[in-house]
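Residue numbers (this note's numbering): 70 to 1201.
Beneath this line is the structure, given in structure tokens, with notes to follow.
Quick look at the structure:
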């Protein structure tokens, strides 16, 4: 009991949990023939949750900080935890911003108190008095009673052992001739006829909050047990020390109103805990989550950022847990039910909720520093000011060096990278380049050592040059480098993965716009080796070339460079060189808004619909004057419907278009928006998608122009989109004030695209041990069964049948609108063109649910995802029909994880192929055609790379959806995008925009090859799969050069005709150039006397050696042509 007589108060470097179970999946061959493929045997049920990332670090003795990322059927969840073992010497105390009504960020409260970790506290009267809702006890003194409710608190003894208990407040006011009940102390609310006491601890906030809307109010100021003043209104300002304000409402006001200055009044109160034990520190709580080790049945449907605190049975172990919300994180937040289960799973005896949402803040100290960092993603996007919190304090230490904490100067979260999510790989470095390492000596409490420690540095690979707590390691050879920082007997290591020299460099921003001469902007540099491994490159290893009269480019720490303008309204190039690799960044200074259309004359616009009708008409009710109204009828189909407002002549300005904006008046029906632009040649570019129209009234929608789009853009159309089959309605939007934000323009060369070795060049997939084929993206509809799209699908199937692979996979979007009629036609086409000649699997894409539920697909083609093994290769097909993995079921994510884990242990499996419709990355500038959940994309790349690196077994990915043929390795894993079988491609033919299909040749990865690859993952993994990208060939034409004199060289070229499309026979088209026996393949100097010419298949260069005829045969897909080159004597 305590009383008072006078009223005193996130490269991410994820680590996943290995699962030993094998996928429980039934393989489905969507054809009547048998195939020598089998489902792996089942040994365990799939997991309910997968841990994808966990990181821990010490904070002080007995205190650990932890971050965990998981995925389950509800989505992603990121939690941060601080665990405290008070037996190790750490303590817990109350944090405050000042008075009970003062607020400050948790970071400020913790720094002022000297805490090494802290968390926000109780719920509070936000945006009003800001007083905490529950009780407050500091240093054994009751500062505040509960504002109502059950009085639950988290309480700490003077030795910091903690518990959950209840607090009961009682108080009295001794009045002349009678006594009154004191209902509350320093609270923002009072009962209808109650009396509350306020002390100086309340602070300066007006005491009117508790009597808001009350008809009768009295305030009495009492000091030294004597009434000093009586008022009919609650007062303001901080009370003098030793005084108490009694505030009454209703009957309480009447009792106090009878008093006069000079009357004797004694105010007293006390609080008793439910367990009868004393309290040193306490704050109020929310819901009880765990009781006696069991999660309680609390709300399990409302997601938010949340915070909880729990205790072991004896109170010596404290667990504080926060869950990130979804405002500024991919984490979904947590329900109270989830928080209860999470805390129970951590073994706590009791746990309660404390304030969450934007208040949820967890901060901890980095070892060896005095700096507090915010560990969780803040739901408001920034620190919220709150009234109180709980701080964790380190035990005393003597400052003597007890350990060293070493790490790369760059963190994975902020390092330059090109992964699907922000961040990079500072744990990697290129041979011959540097990586900055920092080391922080610390004492036994993990505070900075104060005994003047002297650091020494060593590296197992290359050199390391240290300057106190910072060193730069420069490894010589690919492999690994272990860098050690030592201070006396204490040391710590950083292990770096050393890559082969970079073959190319890119930057985090291809173009940089600095808003004005008073602003700055930054970019980082990323290196890429021959195998698709990447690492950040620090400024010391980069050479820059630019015009300093326009701007300066200076190092911005180890991360990259900062652009500092010299002049306004200019643009220039920055050449970025690392060794022999170079790229160019466009830099502009200044941006100007240009109004393109105020819609005073609507004649420039017209409307049309897709699976819908649409019309435009002028409206006098624009945002500021006249506007344009776009109306549409989305009741005419269930597949995706479009209502389009398009310009007769596109509108733009000179310069670099940074963004386009348009005012849109919505009615809240949830339509999707998109802008479409054209370039200076009139070519239509992929749409840029905007927000859903969930608002009513006017709102400005501004969409950034994607990196990689040309400078000279013009606005062409606004598209209103409805994708939900069940959404049947007529609607309208009004538009006004179209504008563009443009910057000065500068031309830069297009970046060179790597040619991935997985693509067969002058080779055939049939050269490997066995083959499989992939086709995708025909997108035909049953109402037009003889369309060009159907003919393209049939042609593709006939070509696959003729090539006779072991089986083939349809990687999505075979049909267009997903109607039952579409799938019946699909089955008929497959039966007629394939029958039982080649087994096949059908993987759904987004058009398999475009106008109906996935049930239509399942009815006609069975499983949406599966695992099967074929000739030592495990195939995993994933359903991305809704654009993500989890949208189509968490079970398939668990299936993939299990399939990889069991494949790693199974000697009968030597490689893995993952096939799905959406690739993890879209290689085109729009980034429209990729997995929508970028964290799923990153997880896919991480899992596949780790599988190959750890096992040495092969792994590959095949997708579709983008509308082009493309291949690119990521971390040594080839990712192949199959182009369209029939639908019009999305890019130019030279960029992979042709119709066709892919054939893959597979060789087994032997155990010795697996061991070799696992021992040297930086070398790119085993060479086991070849992708032959086969365009449809209407006609194959080979250029016939003029007669070639001896000693001269010519380059042979060929072209494929596809209707009106001309496709150069060059990468990524697979072709086989086969010279006659009298043509030597190799260097001319190595040719024999019988050779009349030398031919280099990689460059297609033919060099004449002797007079005669050189014959070269070229094969593309199923077409072959021969070129004969006449070789003449050298002219004298």
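Note that the Cβ used here is the ideal one computed from N, Cα and C, for glycine as well.
Note that the coordinates shown come from a computational prediction; the quantities given were computed from them, not determined experimentally.
Query: Separation of residue 175 from residue 93, as counted between CA atoms; Result: Its pLDDT being 34, under 50, residue 93 is placed unreliably by the model, and nothing is read from it.
Query: Enclosing beta strand (DSSP E) for residue 732 [first to last residue]; Result: 725 to 736
Query: Contact under 8 Å by Cβ, residue 305 with residue 272; Result: no
Query: CB of residue 627 within 8 Å of CB of residue 505, strictly; Result: yes
Query: Beta-bridge partners of residue 1068, as assigned by DSSP; Result: 842, 1097
Query: For residue 677: DSSP bridge partner residues; Result: 713
Query: For residue 952 and residue 921, the rounded distance between their alpha carbons; Result: 15 Å
Query: Environment of residue 1198 [buried if 16+ CB atoms lie within 10 Å]; Result: exposed
Query: Segment contact, 8 Å Cβ cut-off, at least three pairs: the stretch 562 to 575 with the stretch 639 to 651; Result: yes
Query: Where residue 325 sits in the DSSP three-state scheme; Result: helix
Query: Delimiting residues of the alpha helix (DSSP H) encompassing residue 859; Result: 857 to 872
Query: Beta-bridge pairing of residue 120 - partner residues as DSSP gives them; Result: 139
Query: The stretch 268 to 284 in contact with the stretch 192 to 199 per 3-pair CB rule at 8 Å; Result: yes
Query: For residue 1035: DSSP bridge partner residues; Result: 1046
Query: Minimum length 3: unbroken beta strand (DSSP E) runs contained in the stretch 584 to 641; Result: 590 to 597, 603 to 606, 612 to 614, 620 to 625, 629 to 634
Query: Beta-bridge partners of residue 291, as assigned by DSSP; Result: 296, 313
Query: Coarse secondary structure for residue 95, derived from DSSP in three states; Result: Model confidence at residue 95 stands at a pLDDT of 36, short of 50, so the residue's coordinates are unreliable and nothing is read from them.
Query: Short Cβ contact (8 Å threshold) for residue 567 with residue 498; Result: yes
Query: Same chain only: Cβ atoms within 7 Å of residue 702, ignoring 5 sequence neighbours per side; Result: 681, 682, 799
Query: CB contact flag (residue 884, residue 917, <8 Å); Result: yes
Query: From 871, 656, 334, 204, residue whose alpha carbon lies closest to that of residue 776; Result: 656
Query: Rounded distance between the beta-carbons of residue 132 and residue 151, thought under 8 Å; Result: 7 Å
Query: Same chain only: Cβ atoms within 8 Å of residue 802, ignoring 5 sequence neighbours per side; Result: 698, 699, 733, 734, 735, 736, 740, 762, 789
Query: Residues near residue 257 by beta carbon distance below 8 Å, same chain, minus five either side; Result: 194, 197, 198, 200, 202, 216, 278, 279
Query: DSSP-derived helix/strand/coil call for residue 962; Result: helix
Query: Cβ neighbours of residue 434 in the same chain (closer than 6 Å, five flanking residues each side left out); Result: 128, 185, 441
Query: Given residue 1115 as reference, the closest of 1140, 1177, 370 once Cα atoms are compared; Result: 1177
Query: Option in 515, 451, 492, 495 with minimal Cα separation from residue 468; Result: 515
Query: Whole runs of the beta strand (DSSP E) within the stretch 479 to 532, excluding any shorter than 3 residues; Result: 497 to 499, 504 to 511, 525 to 528
Query: Backbone secondary structure at residue 577 - three-state DSSP; Result: coil
Query: Contact set for residue 704: own chain, Cβ-Cβ below 7 Å, skip 5 residues either direction; Result: 797, 798, 799
Query: Distance, residue 975 Cα to residue 1102 Cα; Result: 42 Å
Query: Stretch-stretch touch, CB-based, cutoff 8 Å, three pairs: the stretch 842 to 856 with the stretch 1045 to 1062; Result: yes
Query: Alpha-carbon spacing of residue 547 relative to residue 1087, whole angstroms; Result: 7 Å
Query: Selected residue, minimal CA-CA separation from residue 1104, among 1117, 1110, 1127; Result: 1127
Query: CB of residue 831 within 8 Å of CB of residue 1142, strictly; Result: yes
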